[in-house]
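Chemist:
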Amino acid sequence: MPFLIDGHNLIPHIHGLSLSQLDDELALLELLDGYFKRERKNAVVFFDRAAPGNDQNIRRGFVTAHFTRPPLNADKAIRNAVRELGRSAANYTVITSDMEVSDSARRLGARVLSSAKFAQKLSIGGKRKKTGIYDPVEDVDYWLKVFKGKS
32 MPFLIDGHNL
42 IPHIHGLSLS
52 QLDDELALLE
62 LLDGYFKRER
72 KNAVVFFDRA
82 APGNDQNIRR
92 GFVTAHFTRP
102 PLNADKAIRN
112 AVRELGRSAA
122 NYTVITSDME
132 VSDSARRLGA
142 RVLSSAKFAQ
152 KLSIGGKRKK
162 TGIYDPVEDV
172 DYWLKVFKGK
182 S
């Protein structure tokens, strides 16, 4: 089941992330990519206010980030996305704590999970034991951070 996520609504519920961070969106994407990679499910994360000159979409493995531009905001973009799904909205879960987005998604047939509940699932999923299987993506990410001086 694919997910539609209200990104700025989720960030305050994630331990160690804050909306005041400069890279809060990228940090969330990294966390979500690890989770959805393990779950083998796709997600689209919606954020308000794309930076001028930057791409409106970023793809990371199983996660795509969509940055809206005014007059559209993330809430409207999520409602539009669910509406465009039509009957297949029943196959999607919307993650938000915004009541208007939640109500709209439910009326259109999508499932809804609060940001707080999903943050709990996300933190539990991140604490799973390693399987012992070599993951070259994790290895490359580790060494990129080391060479950039971020380890």
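The sequence shown maps to residues 32 to 182 in the numbering used here.
Glycine included, each C-beta is placed from N, C-alpha and C at the ideal position.
Just so it is clear, the structure is predicted and the values come from calculations on it, not from any experiment.
In whole angstroms, what is the alpha-carbon distance linking T143 and K179?
Modeler: With the sequence shown as reference, residue 143 is identified as Val, and Thr is not the correct amino acid for it. Going from the Cα of V143 to the Cα of K179 covers about 39 Å.
Chemist: In whole angstroms, what is the alpha-carbon distance linking Y74 and R118?
Modeler: Residue identity differs from the one stated: residue 74 is Ala in this sequence, not Tyr. Their backbone Cα atoms lie some 18 Å apart in a straight line.
Chemist: Could you tell me how far apart the beta carbons of L48 and A58 are, in whole angstroms, since I believe they sit closer than 8 Å?
Modeler: Confirmed, Cβ separation roughly 6 Å.
Chemist: Can you check which of these residues, I42, G65, T99, E115, is closest to F93 by C-alpha distance?
Modeler: Residue G65 is the option with its Cα nearest to F93.
Chemist: L60 by DSSP, collapsed to three states: which one?
Modeler: Reduced to three states, the DSSP call for L60 is helix.
Chemist: Give me the Cα-Cα distance between V113 and L139, rounded to the nearest whole angstrom.
Modeler: Roughly 7 Å between the two C-alpha positions.
Chemist: Could you say which of S135, R137, S128 lies nearest to D37 if we only look at CA atoms?
Modeler: Ranking S135, R137, S128 by Cα distance to D37 puts S128 first.
Chemist: Return the chain-ordered list of same chain residues with a C-beta closer than 6 Å to the C-beta of A108, the five sequence neighbours on each side being excluded.
Modeler: Correct list, in chain order: F77, T99.
Chemist: Across which residues does DSSP place A108 in a beta bridge pair?
Modeler: DSSP, once it has assigned bridges, lists no residue as partnering A108.
Chemist: Which first and last residues belong to the beta strand (DSSP E) in which H254 is found?
Modeler: Past the boundaries of the shown model lies residue 254; the chain is included only from 32 to 182, so the question cannot be answered.
Chemist: Thinking just about the alpha-carbon of each residue, which of F34, L63, K68, N122 is nearest to the one in S154?
Modeler: Measuring from the Cα of S154, the nearest candidate turns out to be L63.
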